[in-house]
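This report refers to the structure that appears directly beneath it.
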Amino acid sequence: MGDQINPISLLSVARTVLRDELLKEVPSNKKYQALMVARAMAITEREQTLGSIATPSDEFVQSLEELMGLDGSSSGMLIELITQIRTGEFGADAQETANLHQLLVKETKRKLEVCNPEYLIQNSVDE
Amino acid sequence: MELTDPESQNALITYLSRVAESDVTLLQLKKLSGGAIQENWALDVAVATGKWSGTHELVLRKDARTTLAASNDRSFEFALLKEADRAGVQVPTPCFLCADASVLGKPFFLMHRLKGTAAGHVLVKQPTNRDLVRSLATNLARIHQIQPALSTRAFLGDVPADPVVKTIGEYRQYLDDIEARQPAIEFGLAWLERNAPTEGRVTLCHRDYRTGNLMVDEGKLTGILDWEFAGWNNPMEDIGWLMAKCWRFGAKDREAGGLGAREDFYTAYEEASKISIDRSEIAYWEVMAHVRWATIACQQASRHASGEELSLELALTGYLVPELEYEILTMTGRG
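Below is the structure:
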């Protein structure tokens, strides 16, 4: 067999069957659970293409390196960033705070594209 | 120990027969939806004789297998329900508390079942309801006026000198406990620290006063549910929680819990409490609300991710966090 089944397309077609054929047959007292299953499948599908939300994006890590002058693992950098936010090292300088805010908004939007792209469309605020 | 087990049902009937001093028959038992931290069961019983004779529609409330650090135990929640009931707050009338975990595996209590629905996504689709918003305000004012009895105070602990400092410290600790590295939430916490109100009252607060925990029947409030997070705090925290965008269930323009106008709520609260609300301060408490919900959502997701309690609902709650972070960043972006 030349063509291999792509896991993303498998998930996508399974979700289409669930949404278009099965959901209408689901009794009302189980509808909420069925919708949760559909949502979980949609998120997993997007995580496959857009990346996990559990780990920060390379772009975010790289920008943090530049902003904080640190290097090392992404988790180590996050711990350092959180420490600096808590101690007030980050926050004393308005420009630095604005730069961090901008980075966080960008990374949060990336995560929203995975978790709930509709939310961004309905709630987007001009930065 | 699941209540669907015959053994558990027998233990429950034995317990009910003892406290009601009568033969008791179980007519119906059904798990209710919702309640990621507590299990709620609709329970219909027939009591043969004595003070409780007749049929009763009840709710049995017990801890889920795992719970949250901030969640109060059933004895505490039962005591608070009684306090609220005495103070004229609309709540389900509390009946019996069973603190003995050997009966059903966890302590539980029974209360009368209210008519209506608490489902937020249903309630926000109903027409704007000014009277409902006003009764929410009146009930919240009554909660904030409760002077708890000494026995309840023992559960509540000392009144914090500065509830904002205490709350921010707790949220940081909760995040550390589950090793959650969430810089956007931390950004919000730092903003809350820098912009904290310089003065404020401390009262008993419900701390989960929102659409979803309010029972409504035919447009009328029938009761305030879920007292598990109640504690001392600035009463404006409860108002900010109800007004927060994250609890409007998509009805963004109806700022009072997706049900109506915030000004109707403020006016009714002021009439009932004789205390004026600083409108500009509520924005601060709405940031606090989003930070609080984001922290709790991280904890909920962790209960699933750690394997403590595998649950699709808990797992999906973790995917709500970016929405909350986005709102935190939007509200705090101006310094």
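Sequence order for the protein chains is A and B.
Each residue of the first sequence is one higher than the one before, counting from 1 in my numbering.
Each residue of the second sequence is one higher than the one before, counting from 1001 in my numbering.
Just so it is clear, CB atoms sit at the ideal spot from N, CA and C, and this is done for glycine as well.
**C-alpha gap between A1283 of chain B and N6 of chain A, whole angstroms** = As a working note, residue 1283 of chain B is residue 283 in the second sequence. As a working note, residue 6 of chain A is residue 6 in the first sequence. When only Cα atoms are considered, A1283 of chain B and N6 of chain A end up about 47 Å apart.
**Item:** Nearest-angstrom Cα separation, counted from V13 of chain A out to Q159 of chain A
**Value:** Shown here, chain A extends from 1 to 127; a query on residue 159 of chain A therefore has no answer.
**Asked** Mapping DSSP to helix, strand and coil, what is I1224 of chain B?
**Response** For the purposes of this step, residue 1224 of chain B is identified with residue 224 of the second sequence, where counting begins at 1. Three-state DSSP puts I1224 of chain B in a strand.
**Message:** Could you pull the DSSP bridge partners for N1040 of chain B from this structure?
**Reply:** Translated into positions along the second sequence, residue 1040 of chain B becomes position 40. B:R1061.
**Asked** Which of the residues in the region 22-45 of chain A, read from start to end, lie with their CB under 9 Å from any CB of chain B?
**Response** Correct list: N29, Y32, Q33, M36, V37, R39, A40 and I43.
**Message:** Helix, strand or coil, according to DSSP, for H1112 of chain B in the structure here?
**Reply:** As a first step, residue 1112 of chain B is located in the second sequence; it is residue number 112 there, counting from the start. It is a strand residue.
**Prompt:** Between T108 of chain A and chain B, is there a C-beta pair that is closer than 7 Å?
**Reply:** For the purposes of this step, residue 108 of chain A is taken as residue 108 along the first sequence, with counting starting at 1. With respect to chain B, the C-beta atom of T108 of chain A has a partner C-beta closer than 7 Å.
**Asked** Taking buried to mean at least 16 other C-beta atoms within 10 Å of its own C-beta, is L1012 of chain B buried or exposed?
**Response** If you number the second sequence from 1, residue 1012 of chain B lands on position 12. Buried is the label assigned to L1012 of chain B, since at least 16 other Cβ atoms lie within 10 Å of its Cβ.
**Message:** Here's the rule: buried if 16 or more other CB atoms are within 10 angstroms of the residue's CB, otherwise exposed. What is N116 of chain A?
**Reply:** As a first step, residue 116 of chain A must be located in the first sequence, where it is residue number 116. Around the beta carbon of N116 of chain A, a 10 Å sphere encloses 16 or more other beta carbons of the protein chains shown; the residue is thus reported as buried.
**Message:** Let's see if you can read the secondary structure: which residues bound the beta strand (DSSP E) around T1203 of chain B?
**Reply:** As a first step, residue 1203 of chain B must be located in the second sequence, where it is residue number 203. Residues T1203 to C1205.
**Any 3 or more C-beta pairs closer than 8 Å across the region 1018-1027 of chain B and the region 1045-1062 of chain B** = Touching, yes, given that three or more Cβ pairs across the two stretches are closer than 8 Å.
**Asked** Assuming I1205 of chain B contacts A1230 of chain B under a Cβ cut-off of 8 Å, what Cβ separation, rounded to an integer in Å, is found between them?
**Response** Position 205 of the second sequence, counting from 1, holds the residue named residue 1205 of chain B. Position 230 of the second sequence, counting from 1, holds the residue named residue 1230 of chain B. For the record, residue 1205 of chain B in the displayed sequence is Cys; it is not Ile. So it is a contact: roughly 7 Å between Cβ atoms.
**Request:** Please report the Cβ distance between E147 of chain A and D71 of chain A, rounded to the nearest whole angstrom; I am assuming they are in contact, meaning their Cβ atoms lie under 8 Å.
**Result:** One cannot answer for residue 147 of chain A here, as it falls past the ends of chain A, which runs 1 to 127.
**Request:** Note down, in chain order, each residue of its chain lying with its Cβ closer than 8 Å to the Cβ of Q1028 of chain B, except the 5 sequence neighbours on either side.
**Result:** Locating residue 1028 of chain B in the second sequence gives position 28, counting from the first residue. The residues are A1042, L1043 and D1044.
**Item:** DSSP three-state assignment for P1160 of chain B, whether helix, strand or coil
**Value:** Start at 1 with the first residue of the second sequence, and residue 1160 of chain B comes out as number 160. P1160 of chain B: coil per DSSP, three-state reduction.
**Asked** Under a CB-based cut-off of 7 Å, is R1303 of chain B close to chain A?
**Response** Along the second sequence, one-based indexing puts residue 1303 of chain B at 303. For R1303 of chain B, the answer is no, since every Cβ of chain A falls outside 7 Å of its Cβ.
**Asked** Using DSSP with H/G/I as helix, E/B as strand and the rest coil, what is T55 of chain A?
**Response** As a position in the first sequence, residue 55 of chain A is number 55, starting the count at 1. Coil, per DSSP.
**Prompt:** If V1122 of chain B and A1256 of chain B are in contact, beta carbons under 8 Å, what's the gap, nearest whole angstrom?
**Reply:** Along the second sequence, one-based indexing puts residue 1122 of chain B at 122. Along the second sequence, one-based indexing puts residue 1256 of chain B at 256. Their Cβ separation, rounded to whole angstroms, is 17 Å, which puts V1122 of chain B and A1256 of chain B out of contact at 8 Å.
**Request:** Please go through the same chain and pick out, in chain order, the residues whose beta-carbon is closer than 7 Å to the beta-carbon of T44 of chain A, but skip the five residues on each side of it.
**Result:** Taking the first sequence and counting its residues from 1, the one referred to as residue 44 of chain A is at position 44. Only L11 meet the Cβ criterion.
**Asked** Does the distance from the CB of W1191 of chain B to the CB of E1237 of chain B come in under 7 Å?
**Response** As a working mapping, residue 1191 of chain B is identified with position 191 in the second sequence. As a working mapping, residue 1237 of chain B is identified with position 237 in the second sequence. At least 7 Å separates the beta-carbon of W1191 of chain B from that of E1237 of chain B.
**Request:** Helix, strand or coil for N1337 of chain B, going by three-state DSSP, please let me know.
**Result:** No statement about residue 1337 of chain B is possible, as the shown extent of chain B runs from 1001 to 1335 and does not include it.
**Message:** Within 10 Å of its beta-carbon, does I1224 of chain B have 16 or more other beta-carbons around it, so buried, or fewer, so exposed?
**Reply:** Numbered from 1 along the second sequence, position 224 holds the residue referred to as residue 1224 of chain B. By the 10 Å Cβ count, I1224 of chain B comes out buried.
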